[in-house]
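Inspection log for the structure reproduced underneath, given as structure tokens.
Number of protein chains: 2
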Amino acid sequence: MIKSIALVGGTHGNEMSGIQLIQNWENQGTPSRFDLLDISLYTANPAAIAANTRFLEEDLNRQFTHAALEEATSSQENELAKTINQQLGPKGASVTDLVVDIHNTTSHMGATLIILDTSDFYVQMARYVKQHMPESNILVEDEKAYLDHGYLCTTGKYGVMIEVGAQPQGVLREDVFLSTQKMAEVLLDFCIAFNNNECGDLPPCEAFRLGENISFPLDEDGNRTAMIHHALQDSDFVPLVTGAPMFRTFDGKDIVWPREETTYPHFINEAAYNKLHVAFATSTLFTL
Amino acid sequence: MIKSIALVGGTHGNEMSGIQLIQNWENQGTPSRFDLLDISLYTANPAAIAANTRFLEEDLNRQFTHAALEEATSSQENELAKTINQQLGPKGASVTDLVVDIHNTTSHMGATLIILDTSDFYVQMARYVKQHMPESNILVEDEKAYLDHGYLCTTGKYGVMIEVGAQPQGVLREDVFLSTQKMAEVLLDFCIAFNNNECGDLPPCEAFRLGENISFPLDEDGNRTAMIHHALQDSDFVPLVTGAPMFRTFDGKDIVWPREETTYPHFINEAAYNKLHVAFATSTLFTL
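These protein sequence lines map, in sequence, to chains D and Y.
Mapping of the first sequence onto this note's numbering: residues 1 to 288, in sequence order.
Mapping of the second sequence onto this note's numbering: residues 289 to 576, in sequence order.
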């Protein structure tokens, strides 16, 4: 049974759709059909929101490893993570059945549900979301165990992320906001159906399994020599096949996807990964 | 004669197209047809670029009023402005004939040339740009005298801004980068033509004159109650007529443009103005 649910916005202080959704539901209440659920609304990093920045010192959404929660305090966000872990968690023995952490991205990923595990609960959730929101994407990051991730949502017994784009940092777009709200509502509808054992036999769905990060090409001095090719820009989750252009160099040449295997790129040109020279992430398509 | 020209990127540290163009031309040289011109390439705020933020303490591009340049130092950017003014200016008695300051915006403004004065030089420049880049927009901000603006470009004897969008902060998009590069090259081509007295009789062109900022609706507590309507989003410089929707409230109602006069909105949902609750700026269409 999913009794207690925490909906979280503002884990990154410049991702406006989650921040706005939490604020709206705090002011207006959550839709009445969710009165059956024990929902708490949570704004994670008010100081970063006030500063209109992703984080002040360290990325809050990487501070929830066991190690980071146990080490000496390294930053404002690390300290904040310990507080949040006491309130929503503690991780591994949580008082919260499900933590839904709401993000947005500058990449054209549409409404994406990120799950970190493919145990039965998550499979049912993913299939339910895909059935009720066919335009959505399911992204699986299960390269390590659920509790080994550093994400805020892992403070919950179960934890997932909503990731919607394209939306610039510091901007609220109606299309992205409404998609975010819709996915949050579908997740809450799923919890009610799950608790009532009404999910039935949900049909398997398409999902993408995270591969690795692909870096921008750099010269010997570490300067970038190319940008995302216009054919790849805004083409998140569209198959990138052998020989298709992925970068355009600043002197006008194309660099193509060199591998034999088709990949499904995402987080293409995400602003938050720009400083790390991450161009996009790969994934494989499978049936969940 | 336009002899000395400063091309400036990184006035805002998270606007990547100008930063990248200056870096590329520093590494590769400017295109050889511009060898006739005395061009200096300038990166305005390296500390903000390193921090991947618009500014550290104050908006650098508002620090170039006479008052701000003469007052006691109020911030890192105010101090930086005084240094830049010594190098590119000094304002009002400048060693630089033309300062071109390169910006980008999260608004869908395409390639926009911003001029602050409609004296003959700027009129010829605007007409030349529009002739050689018909897809561009000319925005005139002449509500006050050229030297009364606080913009960095006013350190030049002449000064203009390139403003291209839509591009998220911290992201380089190929389409926006190439438009930025094209407009920079067209401006340099214009300088050569102007110096050679080869502009001829340029046909008059359409331009937009800045009106005022329109704010998001707020409740008594200062919380925003609406977002940019999807019909207005990405519709910069498209006529907004009486009764057309401009906001969508969070409870699903439309708020329409109430005035008799059609306006030409721009800087729609610009991230940098989000904290100020500026939704968009108005303008009027005229022939320049």
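C-beta: ideal position from N, C-alpha, C; glycine also.
Beta-carbon proximity of residue 554 of chain Y to residue 427 of chain Y, cut-off 9 Å: Locating residue 554 of chain Y in the second sequence gives position 266, counting from the first residue. Locating residue 427 of chain Y in the second sequence gives position 139, counting from the first residue. Against a cut-off of 9 Å, the Cβ pair of residue 427 of chain Y and residue 554 of chain Y comes out as a contact.
Identity of the residue in Y:384, Y:527 and Y:561 nearest residue 573 of chain Y by Cα: Taking the first residue of the second sequence as position 1, residue 573 of chain Y is located at position 285. Closest by alpha carbon: Y:527.
3-residue-minimum beta strand (DSSP E) runs that sit fully inside the stretch 348-406 of chain Y, ordered along the chain: 386-392 and 398-403
Check each residue of the stretch 513-531 of chain Y: if its Cβ is closer than 7 Å to any Cβ of chain D, include it; give the result in chain order. 515, 516, 517, 518 and 521
Of all the alpha helix (DSSP H) runs that stay within the bounds of the stretch 523-566 of chain Y, which reach a length of 4 or more residues? none
Going by DSSP in three states, residue 326 of chain Y sits in which element: helix, strand or coil? Position 38 of the second sequence, counted from the start, is the residue given in the question as residue 326 of chain Y. Of the three classes helix, strand and coil, the one that applies to residue 326 of chain Y here is strand, per DSSP.
Please decide whether residue 166 of chain D counts as near chain Y, where near means a Cβ-Cβ distance under 9 Å. As a first step, residue 166 of chain D must be located in the first sequence, where it is residue number 166. So, interface residue.
Would you identify the three-state DSSP class for residue 289 of chain Y, choosing helix, strand or coil? Residue 289 of chain Y sits at position 1 when you count from the first residue of the second sequence. DSSP places residue 289 of chain Y in coil when its eight states are reduced to three.
Let me check understanding here. Comparing Cα to Cα, which of D:256, D:49 and D:180 lies closest to residue 111 of chain D? Numbered from its first residue, the first sequence carries residue 111 of chain D at position 111. The candidate whose alpha carbon is nearest that of residue 111 of chain D is D:180.
Backbone secondary structure at residue 454 of chain Y - three-state DSSP: If you number the second sequence from 1, residue 454 of chain Y lands on position 166. Reduced to three states, the DSSP call for residue 454 of chain Y is coil.
Take residue 250 of chain D as the anchor and find which of Y:534, Y:461 and Y:563 has the nearest alpha-carbon. Looking up residue 250 of chain D in the first sequence gives position 250. Out of Y:534, Y:461 and Y:563, Y:461 has the C-alpha closest to the C-alpha of residue 250 of chain D.
Below 8 Å, can you find three or more Cβ-Cβ pairs linking the stretch 79-94 of chain D to the stretch 246-262 of chain D? no
Consider the Cβ of residue 175 of chain D: report whether some Cβ of chain Y lies at a distance smaller than 9 Å. Position 175 of the first sequence, counted from the first residue, corresponds to residue 175 of chain D. Chain Y, which has a Cβ nearer than 9 Å to the Cβ of residue 175 of chain D, makes this yes.
Any beta-carbon of chain D closer than 9 Å to the one on residue 397 of chain Y? Here residue 397 of chain Y is taken as the residue at index 109 of the second sequence, counted from 1. No, residue 397 of chain Y does not count as interfacial toward chain D.
Check the Cβ of residue 501 of chain Y against every Cβ in chain D and list those closer than 8 Å, keeping chain order. Here residue 501 of chain Y corresponds to residue number 213 of the second sequence, with the count starting at 1. Those within 8 Å of residue 501 of chain Y in chain D number zero; the least Cβ separation is about 16 Å.
Do we get a CB-CB distance below 9 Å when we pair residue 563 of chain Y with the residues of chain D? Counting from 1 along the second sequence, the entry for residue 563 of chain Y is found at position 275. Chain D, which has a Cβ nearer than 9 Å to the Cβ of residue 563 of chain Y, makes this yes.
Reference residue 14 of chain D, options D:89, D:105, D:100 and D:24, closest by Cα: Within the first sequence, residue 14 of chain D is the residue found at index 14, counting from 1. With distances taken between Cα atoms, residue 14 of chain D lies closest to D:105.
Nearest neighbour of residue 66 of chain D, chosen from D:129, D:214 and D:146 [CA to CA]: Here residue 66 of chain D corresponds to residue number 66 of the first sequence, with the count starting at 1. Cα-wise, what sits closest to residue 66 of chain D is D:146.
Boundaries (first-last residue) of the alpha helix (DSSP H) holding residue 123 of chain D: As a first step, residue 123 of chain D is located in the first sequence; it is residue number 123 there, counting from the start. Element bounds for residue 123 of chain D: 120-132.
Taking the beta strand (DSSP E) that residue 139 of chain D falls in, what are its first and last residues? Translated into the one-based positions of the first sequence, residue 139 of chain D becomes position 139. That run of the beta strand (DSSP E) goes 137-140.
Could you give the DSSP three-state label for residue 439 of chain Y: helix, strand or coil? Taking the second sequence and counting its residues from 1, the one referred to as residue 439 of chain Y is at position 151. In the structure shown, residue 439 of chain Y sits in coil (DSSP, three-state: anything other than H, G, I, E or B).
Using 8 Å as the Cβ pair cut-off and three pairs as the minimum, do the stretch 128-142 of chain D and the stretch 74-91 of chain D touch? no
Bridge partners for residue 303 of chain Y per DSSP, in chain order? Taking the second sequence and counting its residues from 1, the one referred to as residue 303 of chain Y is at position 15. In the DSSP output, where bridge partners are listed per residue, residue 303 of chain Y has none listed.
What does a CB cutoff of less than 6 Å around residue 296 of chain Y pick up in its chain, not counting 5 residues either side in sequence? Reading the second sequence from its first residue, position 8 is the one you call residue 296 of chain Y. For residue 296 of chain Y, where only same-chain residues beyond five positions count, the Cβ hits under 6 Å are 330, 332 and 389.
Using a C-beta to C-beta distance shorter than 7 Å, which residues of chain D count as neighbours of residue 536 of chain Y? Within the second sequence, residue 536 of chain Y is the residue found at index 248, counting from 1. Here the neighbours are 174.
Evaluate residue 289 of chain Y with the Cβ neighbour count: other Cβ atoms within 10 Å of its Cβ, from every protein chain shown; 16 or more gives buried, anything less gives exposed. In the second sequence, the residue the question calls residue 289 of chain Y occupies position 1. So residue 289 of chain Y counts as exposed.
Which residues of chain D have a Cβ atom closer than 8 Å to the Cβ of residue 511 of chain Y, listed in chain order? Locating residue 511 of chain Y in the second sequence gives position 223, counting from the first residue. Result: 23 and 27.
Determine whether the beta carbon atoms of residue 318 of chain Y and residue 376 of chain Y lie at a separation below 9 Å. One-based indexing of the second sequence puts residue 318 of chain Y at position 30. One-based indexing of the second sequence puts residue 376 of chain Y at position 88. Their beta carbons are not under 9 Å apart, which means residue 318 of chain Y does not touch residue 376 of chain Y by this criterion.
For residue 315 of chain Y, which of helix, strand or coil comes out of DSSP? Counting from one through the second sequence, the residue named residue 315 of chain Y turns up at place 27. Of the three classes helix, strand and coil, the one that applies to residue 315 of chain Y here is helix, per DSSP.
Start and end of the beta strand (DSSP E) containing residue 213 of chain D? In the first sequence, the residue the question calls residue 213 of chain D occupies position 213. From DSSP, the beta strand (DSSP E) with residue 213 of chain D extends over 206-215.
Span of the beta strand (DSSP E) around residue 514 of chain Y: The residue you call residue 514 of chain Y lines up with position 226 of the second sequence. Here the beta strand (DSSP E) through residue 514 of chain Y covers 514-516.
Thinking C-beta only, is residue 60 of chain D closer than 9 Å to residue 48 of chain D? If you number the first sequence from 1, residue 48 of chain D lands on position 48. If you number the first sequence from 1, residue 60 of chain D lands on position 60. Yes; because the gap between Cβ atoms is below 9 Å, this pair is in contact.
For residue 8 of chain D, write down the residues that DSSP places opposite it in a beta bridge. Taking the first sequence and counting its residues from 1, one reaches residue 8 of chain D at position 8. Its beta-bridge partners are D:42 and D:101.
Mind listing the chain D neighbours of residue 559 of chain Y? Cutoff is C-beta to C-beta under 7 Å, in chain order. One-based indexing of the second sequence puts residue 559 of chain Y at position 271. Under the 7 Å cutoff, chain D gives 168, 169, 170 and 171.
Roughly how many angstroms lie between the CA atoms of residue 568 of chain Y and residue 26 of chain D, to the nearest whole one? Looking up residue 568 of chain Y in the second sequence gives position 280. Looking up residue 26 of chain D in the first sequence gives position 26. Cα to Cα, the separation comes out at about 27 Å.
Rounded to whole angstroms, how far is the Cβ of residue 440 of chain Y from the Cβ of residue 299 of chain Y, which I believe are closer than 8 Å? Reading the second sequence from its first residue, position 152 is the one you call residue 440 of chain Y. Reading the second sequence from its first residue, position 11 is the one you call residue 299 of chain Y. Residue 440 of chain Y to residue 299 of chain Y, Cβ: 5 Å. Contact.
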